[in-house]
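First the structure, in the form of structure tokens, and then the observations on it.
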Amino acid sequence: MHTIKRLYFVLFLSLAAYGLHAQIAEEIITESTIDGGDPNQIIQQQASSIEPVNGVTPQNLMKDRMVLEYPHIREADVFWSKYIWGVIDVREKINQPFMYPSAPFFQLLIDGIQSGAIQPYMGDSDDFKNEMDVQAVNDILFDQDTVFVTNPETFEREPQIVRNDIDYTTIQKYRLKEIWFFDKLHSRMRVRILGICPIQDKAGEEGSFAFEYPLFWIYWPQARKYFASQKVYLPGNSATILSWDDYMEMRYFNYYVIKESNVRDYRLSDYPSMQGDSREAQLKRMLESKKIKEEIFNYESDLWSY
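Numbers -22 to -1, 1 to 284, taken from mature numbering (1 follows the signal peptide of the UniProt record, and there is no 0), label the letters of the sequence shown in order.
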């Protein structure tokens, strides 16, 4: 008997609470309607107050990224070093992030120079001594041509100067300068990127390839702060938080060697046996490039005995 009374009591409280909730909701709608507010208009105002986000959440982590400084190395702790010059070919599959259409690496370089975050240097020397200003870079990037157009009023052909912007897809190679050294304090081989230079292929009179033109050099340690806030778009995972500084320092790219430090300051293509564009000469340069990489790798392992 007592159990039945308790069930009726609980059922009564539930119905009373539901009626009170419905009454409050009705009063809220009624009050907003009395004040001149339209429920649909209120919903639209709330929707318009939400800013569009290209993703799940606003991506602010990349903007706050800090540069991981290099460990301090004393001059006395470096007892072996070698300079290496290489070429990053963006046509290789592993180097595809350099040509991402929405944010190509070359466009990031130009934006950094235009904003003053990156200091460019002359492309004919890799010692980072001859600085360039923004105007000098613009003179290289933008060509001016004279075309003749018809004046709609006089119907006469008049010369007009137009500016041709450089196409980032024409930048298919980047020259790389780095130094490999053995740190005896920590007993390990280290490498530091010193500079990067975009290379543009120049065409001859008939439109065929003529020569490679180095546009400008950037000193990588100085540009790291800028590239630490620039995201790398990796294929397969758009949520990867990887900056260009991480990408370069972790060495996710591939390159082939064109020069190592030597007494005569020769490139591989300057040696008589590897000169020219013949298939045999190109094969010899490729094999020599792999040999130089293997020598650097074996140098550290040869210091240890097991």
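Ideal Cβ placement from N, Cα and C applies to all residues, glycine included. Note that the structure is a prediction, hence the values are computed from the model and not measured.
Answer yes or no: do residue i and residue j have a C-beta to C-beta separation smaller than 9 Å?
i	j	result
residue 154	residue 58	no
residue 287	residue 94	Residue 287 lies beyond the stretch modelled for the chain, which goes from -22 to 284, so this question has no answer here.
residue 212	residue 75	yes
residue 199	residue 172	yes
residue 162	residue 65	no
residue 72	residue 215	no
residue 278	residue 235	no
residue 124	residue 135	no
residue 56	residue 160	yes
residue 115	residue 88	yes
Compute the Euclidean distance between the alpha carbons of residue i and residue j, then round it to the nearest angstrom.
i	j	result
residue 276	residue 111	42 Å
residue 69	residue 228	20 Å
residue 99	residue 178	16 Å
residue 90	residue 204	7 Å
residue 106	residue 197	7 Å
residue 118	residue 147	16 Å
residue 241	residue 109	27 Å
residue 104	residue 249	21 Å
residue 255	residue 52	43 Å
residue 29	residue 113	37 Å
residue 217	residue 42	16 Å
residue 47	residue 269	31 Å
Report yes if the C-beta of residue i is less than 8 Å from at least one heavy atom of the ligand PLP; otherwise report no.
i	result
residue 207	With respect to the ligand PLP, the structure shown offers nothing to examine, as it has no ligands at all.
Once the 5 residues before and after residue i are set aside, which same chain residues still bring their CB inside 8 Å of it?
i	result
residue 191	101, 177, 178, 179 and 180
residue 120	141, 142, 143 and 144
residue 253	247 and 259
residue 80	211
Excluding the 5 residues preceding and the 5 following residue i in the sequence, name in chain order all residues of the same chain whose CB lies nearer than 7 Å to its CB.
i	result
residue 130	none
residue 158	59, 60, 62, 167, 169 and 274
residue 45	202, 203, 206 and 223
residue 237	63, 245 and 246
residue 210	75, 220, 221, 222 and 225
residue 208	86, 221 and 222
For residue i, collect the residues of the same chain with a Cβ closer than 6 Å to its Cβ; drop the 5 residues on either side in sequence, then sort them by chain order.
i	result
residue 201	96
residue 77	68
residue 2	Only weak support is given to the placement of residue 2: the predicted model assigns it a pLDDT of 44, under 50, and the value that follows is read from those uncertain coordinates. Hits under 6 Å: none found.
Under 8 Å: do the stretch 258 to 271 and the stretch 84 to 94 share three or more Cβ pairs, one atom per stretch?
no
Can you list, in chain order, the stretches of the beta strand (DSSP E) that have 3 or more residues and sit fully within the stretch 80 to 130?
98 to 100 and 120 to 128
Which complete alpha helix (DSSP H) runs does the stretch 166 to 222 hold, if anything under 4 residues is left out?
198 to 205
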